[in-house]
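Numbered by our numbering, the letters in the sequence shown go through residues 115 to 359 in order.
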Amino acid sequence: MAIKITKKIKAYSVATPEDAAKAASPVPAATPAPAPSAEIIQMHEKLERPEVLVGATYKIKSPLFEHALYVTINDIVLNPGTEHELRRPFELFINSKNMEHFQWIVAITRIVSAVFRKGGDVTFLAEEMKAVFDPRGGYFKAGGVYMPSIIAEIGSVIEEHMKSIGLIKDPAISDEQRALIAEKRAVYEQGLRKGEGAAGGDIAVTGEGTSFPPSATLCAKCNTKALVLMDGCQTCLNCGYSKCG
């Protein structure tokens, strides 16, 4: 095929088969550069401690100790002022006048604080500590909740703190469940007044605002001394659990 050249030739080169292949292949479209995004800071052990931390102090009064324990949990705020703002536990301190158990108290504060700073899922700490049993036996705290050891109550405090900062989601009791619990409590109290309920006498206040009968036994579900016999079935007046379903 003849091509008419109308302009002056200034330079020339010999075309090769490779040049023809390159000309035939489509030119890939330029990929747009990724939009810059802010770095999300996660909890890790190399994160430096800020000058100021927010936290809370919890008082533990146990019959196993002459003096109260004061548990302080300080939190670090990650990504403040953004949609990724998080509050995570950073360190733990335990203070008391009782110096008898100073060594294990220091050990717990250091180990728990180190685990907090590692990051990741640290909620297992509460469950592990709540499963520690004292060979001398546990005790009931205010409200009839059984604590198998002082370590378990410290674990319970850590769990409560994690719930308050949103690290542990506490399953809310539905309105129907609350109504069922209130109904069972009313039926049981009415039966006691008529002499038809379980033996144990009048209902006595066993904790802060609670009214579980003194004859109640420990509920395996909520760990509260609120399990009574109703209609031939063990029923919890605190969480509504029933062995009969």
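Using N, Cα and C, we set each Cβ at its ideal position, and we do this for glycine too.
Worksheet item: Among GLU180, ASP189, LYS122, which one has its Cα closest to the Cα of GLY280?
Response: ASP189
Fill in: Whole-Å CB distance - PRO177 paired with TYR253, under 8 Å assumed
5 Å
Discussion item. Suppose you measure from the CA of LYS255 to the CA of MET261; what does that come to, to the nearest Å?
Written reply: 7 Å
Item to complete: Identify which residue in MET276, ARG292, ALA300 has its Cα closest to the Cα of ARG202.
Response: MET276
Practice prompt. Please list, in chain order, all residues of the same chain as CYS333 whose beta carbon is under 7 Å from its beta carbon, the five residues on each side excluded.
Written response: ALA340, LEU341, CYS350, ASN352, CYS353, TYR355
Practice prompt. Take the Cβ of GLY234 as the centre, count every other Cβ of all protein chains shown within 10 Å, and call the residue buried at 16 or more, exposed below.
Written response: exposed
Worksheet item: Buried or exposed: SER270, going by 16 or more other Cβ atoms within 10 Å of its Cβ?
Response: buried
Worksheet item: In three-state DSSP terms, what is LYS339?
Response: strand
Practice prompt. Can you tell me which of the three DSSP states PRO131 falls into?
Written response: helix
Worksheet item: LYS357 and GLN348: beta carbons closer than 8 Å?
Response: yes
Worksheet item: Around the Cβ of PRO327, are there at least 16 other Cβ atoms within 10 angstroms (buried) or fewer (exposed)?
Response: buried
Worksheet item: By Cβ distance below 7 Å, which residues in the same chain neighbour LEU167 in space, the five residues on each side in sequence not counted?
Response: ASN188, ASP189, ILE190, PHE204
Fill in: Secondary structure of MET344, DSSP reduced to three states
strand
Discussion item. What does the Cβ neighbour count give for ARG299, buried or exposed, with the cut at 16 atoms within 10 Å?
Written reply: buried
Item to complete: With DSSP as the reference, label LYS122 as helix, strand or coil.
Response: coil
Worksheet item: What's the call for ILE219, buried or exposed, on a 16-neighbour Cβ count within 10 Å?
Response: buried
Practice prompt. With DSSP as the reference, please indicate the residues paired to PHE207 in a beta bridge.
Written response: THR186
Discussion item. Just to confirm before moving on: does the CB-CB distance between PHE238 and ASN212 stay below 8 Å?
Written reply: no
Practice prompt. Over the uninterrupted alpha helix (DSSP H) stretch that includes GLY269, give me the two end residues.
Written response: 264-278
Discussion item. Taking only three categories from DSSP, how would you classify VAL301?
Written reply: helix
Item to complete: Quick one: give me the first and last residue of the beta strand (DSSP E) that ILE117 is part of.
Response: Careful: ILE117 lies outside any beta strand (DSSP E) and carries neither H nor E.
Worksheet entry | Contacting residues, own chain, Cβ-Cβ under 7 Å from LYS175 (five flanking each side not counted) | ALA182
Discussion item. In the DSSP output, which residue or residues are listed as bridge partners for LYS232?
Written reply: Beta-bridge pairing links LYS232 to no other residue.
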